[in-house]
Amino acid sequence: MTSVLQNVAIDCANAYELALFWSKVTGRPLHPEDKPGDRETEVLLAEGPVLYFNEVPEPKTVKNRLHLCLRPDTSRDEEVERLLGLGATFVGDHRNPDGTGWAILADPEGNEFCVLRGDSERA
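Here our numbering is used: the first residue of the sequence shown is 869, the next is one more, and so on.
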């Protein structure tokens, strides 16, 4: 017997607004029935599990134990700039002079995520 990963759940203060941010990040739509004020929303990824946003009463207080790592279809630095423009904040720089490494950003509610090198940068 095995289990199938259904979703990646993200606790948040405003499910719809945070889902909109991640919809823009991934270029994927919200569930068609989601609307402002919903306490639960989903971003429908092209394949695999959905990103599920669930409103909770308590704020985020410490570093995530689980986080998302993004591999952009452009360069890492171009993607970092795009995400900052969408409302992400810069948290940490783990980029190395040889081009390896990653950048750590946070979404509008402070959840950390990484931006890795794009495929073209890895060749």
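Built from N, CA and C at the ideal position, the CB exists for glycine as well.
Cut-off 8 Å between Cβ atoms - residues of its own chain near residue i, not counting five sequence neighbours on either side
i      : result
Pro917 : Leu873, Gln874, Asn875, Val876
Gly905 : Tyr884
Leu952 : Phe958, Leu973
Asp941 : Gly986, Asp987
Lys931 : Glu980
Own chain residues within Cβ distance below 7 Å of residue i, not counting five before or after
i      : result
Phe889 : Leu954, Gly955, Asp975, Pro976
Val911 : Ala887, Trp890, Ser891, Thr894, Arg896, Leu898, Val918, Leu919
Asp879 : Asn922, Val924
Continuous alpha helix (DSSP H) stretch holding residue i: start and end
i      : result
Ala887 : 883-894
Asp987 : 987-990
CB-CB length for residue i against residue j, believed under 8 Å
i      : j      : result
His935 : Glu885 : Going by Cβ atoms, the distance from His935 to Glu885 rounds to 19 Å, so no, they are not a contact pair.
With 16 other Cβ atoms within 10 Å as the buried cut-off, status of residue i
i      : result
Thr929 : exposed
Pro927 : exposed
Val948 : buried
Thr909 : buried
Arg944 : buried
Residue range of the beta strand (DSSP E) that includes residue i
i      : result
Val948 : Note, Val948: premise wrong, no beta strand (DSSP E); alpha helix (DSSP H) at 944-954.
Gly960 : 957-963
Ala974 : 969-974
Own chain, CB closer than 6 Å to residue i, minus 5 neighbours either side, in chain order
i      : result
Arg939 : Leu984
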